[in-house]
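> If you scroll down you'll find the structure; I have some questions about it.
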Amino acid sequence: MSDEVRPGESEDQRADRNFVDLLQELRVTQTGVQILFGFLLTIPLQARFEKLDTYELTLLVLAVLCLAVATTCIIAPVAWHRAMFRHRLKREIVDVASVFAKSGLTALALGIVMAMMLMLDLVVPRWLAVTLGVSLALLIMMTWLVVPVLRRRGLSPR
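According to the working numbering, the sequence shown is numbered sequentially starting from 832.
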């Protein structure tokens with residue numbers, strides 16, 4: 832989402848452009864969240880479900896909850912836009928939608944890590960599943976947060 836001022840662009844036009852950019856970004860995540868969320872919801876229906884220990888059940892519940900939060904946050908900007916439609920509040924909608932997007936991505940990251948730790952715990956020793964889960968969490972933090980923030984710091988304000 833680019834918040835830069837473009838020559839000849841009004842505040843309303845910039846808000847419209849930023850909202851469209853944000854929705855495009857959310858479309859990328861929405862499908863993945865919904866597929867992972869739906870898959871995790873089917874686990875209790877599987878025969879092996881009864882063999883999960885307390886740790887694995889806890890991971891499953893937390894992953895499903897995180898993905899439910901991610902789904903809610905990622906879809907929320909659309910609901911806000913519909914509720915505020917034609918009230919000339921696009922800038923506010925963009926600001927709120929950005930917060931929802933960041934919250935949704937955070938919940939998605941946690942859900943991905945927990946889902947991977949659950950799957951890995953079923954096929955490799957627990958210590959390795961935890962190690963790989965922590966490694967995935969660090970990779971997500973680096974690629975989704977640390978590197979972009981460091982890059983942004985290197986840019987001059989416009």
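Glycine included, C-beta positions come from ideal geometry on N, C-alpha and C. Keep in mind that this is a model prediction, so the values were computed, not measured.
Return the CA-CA distance between Leu896 and Glu840, expressed in angstroms with no decimal places.
For this step, residue 896 is matched to residue 65 along the sequence shown. For this step, residue 840 is matched to residue 9 along the sequence shown. C-alpha separation (whole angstroms): 41 angstroms.
> When the Cβ atoms of the segment 857 to 864 are set against those of the segment 874 to 890, are three or more pairs found closer than 8 angstroms?
The answer is no - the segment 874 to 890 does not touch the segment 857 to 864, with fewer than three Cβ pairs under 8 angstroms.
> For the segment 867 to 881 against the segment 907 to 914, are there 3 or more C-beta pairs whose distance is under 8 angstroms?
With the cut-off at 8 angstroms, the segment 867 to 881 and the segment 907 to 914 do not touch.
> Return the residue from the list Ala938, Leu854, Ile943 and Ala899 that minimises the CA-CA distance to Leu967.
Against the sequence shown, residue 967 aligns to sequence position 136. The shortest Cα separation from Leu967 among Ala938, Leu854, Ile943 and Ala899 belongs to Ile943.
> Give the C-beta separation of Ile971 and Ala940 to the nearest angstrom, bearing in mind that I take them to be a contact with Cβ-Cβ under 8 angstroms.
As a working mapping, residue 971 is identified with position 140 in the sequence shown. As a working mapping, residue 940 is identified with position 109 in the sequence shown. The Cβ separation is near 5 angstroms, so the contact holds.
> Using the Cβ count rule (16 or more neighbours within 10 Å means buried), how would you classify Ala894?
As a working mapping, residue 894 is identified with position 63 in the sequence shown. Ala894 is buried by the Cβ-count criterion.
> Short of 7 angstroms in beta carbon distance, which residues of its chain neighbour Ala846, apart from the five on each side in sequence? Order them along the chain.
Here residue 846 corresponds to residue number 15 of the sequence shown, with the count starting at 1. Correct list, in chain order: Lys921, Arg922 and Val925.
> Quick check on this structure: which residue in Met973, Leu953 and Leu959 has the alpha carbon closest to the alpha carbon of Glu881?
Walking along the sequence shown from the start, residue 881 turns up at place 50. The residue with the shortest Cα to Cα distance from Glu881 is Leu953.
> What number of angstroms, rounded off, separates the C-alpha of Ala938 from the C-alpha of Leu867?
As a position in the sequence shown, residue 938 is number 107, starting the count at 1. As a position in the sequence shown, residue 867 is number 36, starting the count at 1. So the alpha carbons of these two residues sit roughly 13 angstroms apart.
> When you compare only the Cα positions, how much space is there between Gln844 and Val978?
Your numbering for residue 844 matches position 13 in the sequence shown. Your numbering for residue 978 matches position 147 in the sequence shown. Approximately 30 angstroms, taken between the alpha carbons.
> Secondary structure at Leu883, three-state DSSP: helix, strand or coil?
Walking along the sequence shown from the start, residue 883 turns up at place 52. In this structure, Leu883 counts as coil in the three-state DSSP scheme.
> Where in the segment 920 to 966 do unbroken runs of the alpha helix (DSSP H), each at least 4 residues long, occur, reported from the N-terminal end onward?
Whole alpha helix (DSSP H) segments, 4+ residues: 921 to 954.
> Is the Cβ-Cβ distance between Leu853 and Ser929 less than 8 angstroms?
Within the sequence shown, the letter at position 22 stands for residue 853. Within the sequence shown, the letter at position 98 stands for residue 929. Yes, the Cβ-Cβ distance between Leu853 and Ser929 is below 8 angstroms.
> Using the C-alpha atoms, what's the distance from Gln877 back to Leu951?
Residue mapping note: residue 951 aligns to position 120 of the sequence shown, counting from 1. Residue mapping note: residue 877 aligns to position 46 of the sequence shown, counting from 1. Roughly 17 angstroms separates the two Cα atoms.
> Under 8 angstroms, do Ala932 and Leu857 count as touching if we go by C-beta distance?
The residue you call residue 932 lines up with position 101 of the sequence shown. The residue you call residue 857 lines up with position 26 of the sequence shown. Yes, the Cβ-Cβ distance between Ala932 and Leu857 is below 8 angstroms.
> Under the three-state reduction of DSSP, which class applies to Leu986: helix, strand or coil?
For the purposes of this step, residue 986 is identified with residue 155 of the sequence shown, where counting begins at 1. It is coil, neither helix nor strand.
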